[in-house]
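Protein chains: 2
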Amino acid sequence: MHVLVTGAGGMIGRKLLEVLASGGTLAGREVTRMTLSDLVAPQPPEFTAMPVTSLAGDFARPGAAEDLVAHEPDVIFHLAAVVSGEAETDFEKGYRVNLDGTRALFEAIRAVGGGYRPRVVFASSLAVFGAPLPDPIPDTHHRTPLTSYGTQKAIGELLLNDYTRRGFLDGVGLRLPTLVVRPGKPNRAASGFFSGIIREPLNGEEAVLPVADDVMHWMASPRAAVGYLMHAASLDTAALGDDRNLTMPGLAVTVAEEIETLARIAGPTRTELIRREHDAAIARIVAGWPRRFTAARAEALGFRPDPDFETLVRAYMVDAGIGASVPPASGRSG
Amino acid sequence: MHVLVTGAGGMIGRKLLEVLASGGTLAGREVTRMTLSDLVAPQPPEFTAMPVTSLAGDFARPGAAEDLVAHEPDVIFHLAAVVSGEAETDFEKGYRVNLDGTRALFEAIRAVGGGYRPRVVFASSLAVFGAPLPDPIPDTHHRTPLTSYGTQKAIGELLLNDYTRRGFLDGVGLRLPTLVVRPGKPNRAASGFFSGIIREPLNGEEAVLPVADDVMHWMASPRAAVGYLMHAASLDTAALGDDRNLTMPGLAVTVAEEIETLARIAGPTRTELIRREHDAAIARIVAGWPRRFTAARAEALGFRPDPDFETLVRAYMVDAGIGASVPPASGRSG
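Listed in order, the protein sequences are those of chains A and B.
Here this note's numbering = 1-based position in the first sequence + 17.
Here this note's numbering = 1-based position in the second sequence + 17.
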């Protein structure tokens, strides 16, 4: 089986490659070849003997999509996108990459012809939903995005459905929850603190909390997200019907629950590293986000969320090499 | 006020032009100039002294949209589209005209800049909805189209919302009911019989009815549809919120009610001109169509449907010049 991953250099792309390389199979078949694409040539996964082609460059440039599907990958993970903030500040770039790039990929698949009909796993977004929103938000809530990014993802979902219906590809779209705990350094995303208030204290560093403790958010671990991608590549799509896009299961977790979990795992002194510094701008953005979803369709199809937030944090610690013993909080006695 | 109409040569476009020319105003302002576009240069309305520019050709060809908005029309009625059946048989043409053409128009508007922000009235379609459907179907039902045409219209709705939100235009999208009674000759549309079983008997001609009498459908008169377009060009869009697309009010009418109304207006012998000839293919298509909607948002915004089916038929008779006395049924004594 030949697997193509766009956006393979991103956090979730890299974790997917690790799982593909270490497991060696997808949908019950051996993975024998990979094609990887990102702006900078993605690193092939370690410890694999299979041929891996790494392509560098904008996947949305003319001709790029044809190169990506030239060797007819059986499964395509389409993860590449301009992120939400950039799609809002750079209107043209967001449409060029997220809409035109996605459509060019689907068109390149259609152009292959001859019965070629790959499984396409499309990373959509909960940003397809916009206020006013019910609580919780069902799978079937109408898509009224309030960002250009959300608009581009909602259009991608519609195209995925139509190209699937017409028999050009076999699509599954996944609306992923916010990924917590993200590994690495703090970033400038407005949602960054949901990871930061766990990650930084575990590293003995200070984290800033810009919102109130009762803020609730829809989360999944990077491990769970990779599991969703793998399951989407494997499942029997006959059960999906005509709407191929699914809200992924997650955990509705409040900031207070995050802090309690941190205290339980790593001791209450860790939580003293969380500095409350209210930020009206971030609080306003977060207030407009959806908080809780029902993901009944996905659950019925076998997508499995993290069991609970504590398990999610412990899995992060294992993956980050923090293990059972956390380092002492800096400047404090242990 | 300068008004642009794409698809101005179509049935509803021509009726809109008549109303614009005879009334002379739109949104309380004098109409002083018209630009009309269609594949064949549209006929300017009769009895008007204002300058009318008629442009012939595919509005979706490169450069066409820039020409259409070069003189900065204040109100744009975007009616041009490849129809449902053709968009299904010719995949590329449907996407080129209905998606790329619509986007090119919106992009040409954005490119004008300098505070230019026209009202854009976009003819969307109830085909944005797809089975499984509730009965009745609320405005807020999610859009899961089951045709390429419906997909293209759903994407147009999303673009209309985003371009409006970004301040490039001031959009209103209308999902029009099936127009009954369509003037003219029978056509090959699967929905044609809804008009045919009224129109042909009134002309003393035979009509074929391919479905059962209990089939229900969502209808509006061409007069009501033009009223919707005019109202959409005039209303205060602040009340619309972020979702600029509206299901238009209509009448949920059964075939049996159509026949009863015909008998009441023109006498029971007319209904004998309706020949029941079951067509399994048409019956199957029609069974998949939505039957009834709530149009609560549009009604709250002042969109007014036909009062009842009899009024709708009588208005057709006036417009078609049939008047109060209908011609005798051919081959029968009156």
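Ideal placement from N, C-alpha and C gives every residue a C-beta, glycine not left out.
Can the beta-carbon of A:L53 be found less than 7 Å from the beta-carbon of A:S71? Numbered from its first residue, the first sequence carries residue 53 of chain A at position 36. Numbered from its first residue, the first sequence carries residue 71 of chain A at position 54. Taking 7 Å as the Cβ cut-off, A:L53 and A:S71 qualify as a contacting pair.
Would you list the residues sitting across from B:T52 in a DSSP beta bridge? Taking the second sequence and counting its residues from 1, one reaches residue 52 of chain B at position 35. According to DSSP, B:T52 bridges with B:L21 and B:T70.
Contacting positions in the region 184-201 of chain B - beta carbon closer than 8 Å to chain A: none
Just to confirm, are B:P135 and B:L186 a CB contact at a threshold of 7 Å? In the second sequence, counting from the first residue as 1, residue 135 of chain B sits at position 118. In the second sequence, counting from the first residue as 1, residue 186 of chain B sits at position 169. Yes, they are a contact pair.
Would you tell me roughly how many angstroms separate the C-alpha atoms of B:N220 and B:E274, rounded to the nearest one? Taking the first residue of the second sequence as position 1, residue 220 of chain B is located at position 203. Taking the first residue of the second sequence as position 1, residue 274 of chain B is located at position 257. Cα to Cα, the separation comes out at about 19 Å.
Between A:S165 and chain B, is there a C-beta pair that is closer than 7 Å? As a first step, residue 165 of chain A must be located in the first sequence, where it is residue number 148. Output row for A:S165: interface = yes.
Taking a contact to mean a Cβ-Cβ separation below 7 Å, would you say A:P59 touches A:E35 in this structure? Taking the first sequence and counting its residues from 1, the one referred to as residue 59 of chain A is at position 42. Taking the first sequence and counting its residues from 1, the one referred to as residue 35 of chain A is at position 18. No, these two residues do not count as a Cβ contact at 7 Å.
To the nearest angstrom, report how far apart B:P90 and B:D75 are at their CA atoms. As a working mapping, residue 90 of chain B is identified with position 73 in the second sequence. As a working mapping, residue 75 of chain B is identified with position 58 in the second sequence. About 19 Å.
Show which residues of chain A have a CB atom less than 8 Å away from the CB atom of B:G74. Taking the second sequence and counting its residues from 1, one reaches residue 74 of chain B at position 57. The premise fails here: B:G74 is roughly 24 Å from chain A at the closest Cβ pair, so nothing lies under 8 Å.
Would B:N204 be called buried (16 or more neighbouring beta carbons within 10 Å of its own) or exposed? To locate residue 204 of chain B, count along the second sequence from 1; it is residue 187. That one is exposed.
Going by DSSP in three states, A:L85 sits in which element: helix, strand or coil? As a working note, residue 85 of chain A is residue 68 in the first sequence. Looking at A:L85 - three-state DSSP - the assignment turns out to be helix.
Going along the chain, which residues of the region 293-321 of chain A sit with their C-beta nearer than 8 Å to a C-beta in chain B? none
Taking only the alpha-carbon atoms, compute the straight-line gap between B:A81 and A:L193 and give it to the nearest angstrom. Looking up residue 81 of chain B in the second sequence gives position 64. Looking up residue 193 of chain A in the first sequence gives position 176. Their Cα atoms are separated by approximately 40 Å.
Once the 5 residues before and after B:D152 are set aside, which same chain residues still bring their CB inside 7 Å of it? Within the second sequence, residue 152 of chain B is the residue found at index 135, counting from 1. So the list reads R308 and R309, once near-sequence residues are dropped.
Alpha carbon to alpha carbon, how far is A:L43 from B:A73? Working through the first sequence from its first residue, we reach residue 43 of chain A at position 26. Working through the second sequence from its first residue, we reach residue 73 of chain B at position 56. Roughly 54 Å separates the two Cα atoms.
Reference A:F64; option with closest CA among A:V86, A:G45, A:D55 and A:G41: Position 47 of the first sequence, counting from 1, holds the residue named residue 64 of chain A. If we check each option's Cα against that of A:F64, A:G41 comes out closest.
Mind checking whether A:A140 and A:T164 have CB atoms under 7 Å apart? Reading the first sequence from its first residue, position 123 is the one you call residue 140 of chain A. Reading the first sequence from its first residue, position 147 is the one you call residue 164 of chain A. Not closer than 7 Å, so no.
Can you name, in chain order, every residue of its own chain whose Cβ lies under 7 Å from the Cβ of A:G319, other than the five neighbours on each side? As a working note, residue 319 of chain A is residue 302 in the first sequence. The answer, listed in chain order, is H248 and L252.
Selection of the region 147-159 of chain A by Cβ proximity to chain B, strictly under 7 Å: G147, T157, H158 and H159
Same chain, Cβ closer than 8 Å to A:D325, five either side skipped, listed in chain order: Within the first sequence, the letter at position 308 stands for residue 325 of chain A. So the qualifying residues of the chain are L268.
Please classify B:M247: does DSSP put it in a helix, a strand, or coil? Residue mapping note: residue 247 of chain B aligns to position 230 of the second sequence, counting from 1. If DSSP states are grouped into helix, strand and coil, B:M247 belongs with the helices.
With H, G and I counted as helix, E and B as strand and the rest as coil, what does DSSP make of B:S101? Looking up residue 101 of chain B in the second sequence gives position 84. Looking at B:S101 - three-state DSSP - the assignment turns out to be helix.
Chain-order list of residues whose beta-carbon lies under 6 Å from that of A:H19 (same chain, five-residue window excluded): Reading the first sequence from its first residue, position 2 is the one you call residue 19 of chain A. Here the set comprises R50, P90 and D91.
In the DSSP assignment, what are the bridge partners of A:R192? Within the first sequence, the letter at position 175 stands for residue 192 of chain A. According to DSSP, A:R192 bridges with A:S141 and A:T264.
So which residues of chain B does A:D260 contact, with C-beta pairs closer than 9 Å? Locating residue 260 of chain A in the first sequence gives position 243, counting from the first residue. Simply G147, H159 and T161.
Give the range of the alpha helix (DSSP H) segment to which A:R314 is assigned. The residue given as residue 314 of chain A occupies position 297 in the first sequence. Unbroken alpha helix (DSSP H) run through A:R314: A313 to A317.
Pick from A:W306, A:L226 and A:I299 that is closest to A:R292, judged by C-alpha positions: For this step, residue 292 of chain A is matched to residue 275 along the first sequence. Closest by alpha carbon: A:L226.
Given A:W306 as reference, the closest of A:I154, A:D107 and A:A171 once Cα atoms are compared: By one-based count along the first sequence, residue 306 of chain A stands at place 289. Minimum Cα distance to A:W306 is reached at A:I154.
Any chain B beta carbon closer than 7 Å to A:T52: Taking the first sequence and counting its residues from 1, one reaches residue 52 of chain A at position 35. Output row for A:T52: interface = no.
Whole angstroms are fine: how far does the CA of B:L56 sit from the CA of A:V114? On the first sequence, residue 114 of chain A is found 97 positions in, with the first residue counted as 1. On the second sequence, residue 56 of chain B is found 39 positions in, with the first residue counted as 1. The alpha-carbon atoms of A:V114 and B:L56 are separated by roughly 32 Å.
Given B:L290, which residues of its chain have a CB within under 8 Å of its CB, disregarding the five upstream and five downstream residues? Reading the second sequence from its first residue, position 273 is the one you call residue 290 of chain B. Here the set comprises E217, P218, G221, E222, E223, A224 and A346.
Members of the region 108-132 of chain A that neighbour chain B once the beta carbon cut-off is set at 7 Å: F108
What is the rounded straight-line gap between the Cα of A:D84 and the Cα of B:D84? In the first sequence, counting from the first residue as 1, residue 84 of chain A sits at position 67. In the second sequence, counting from the first residue as 1, residue 84 of chain B sits at position 67. When rounded, the distance between both Cα atoms is 36 Å.
Of all the CB atoms in chain B, is at least one closer than 7 Å to the CB of A:T168? Stepping through the first sequence from its first residue, residue 168 of chain A is reached at position 151. Judged by the 7 Å Cβ criterion, A:T168 is in contact with chain B.
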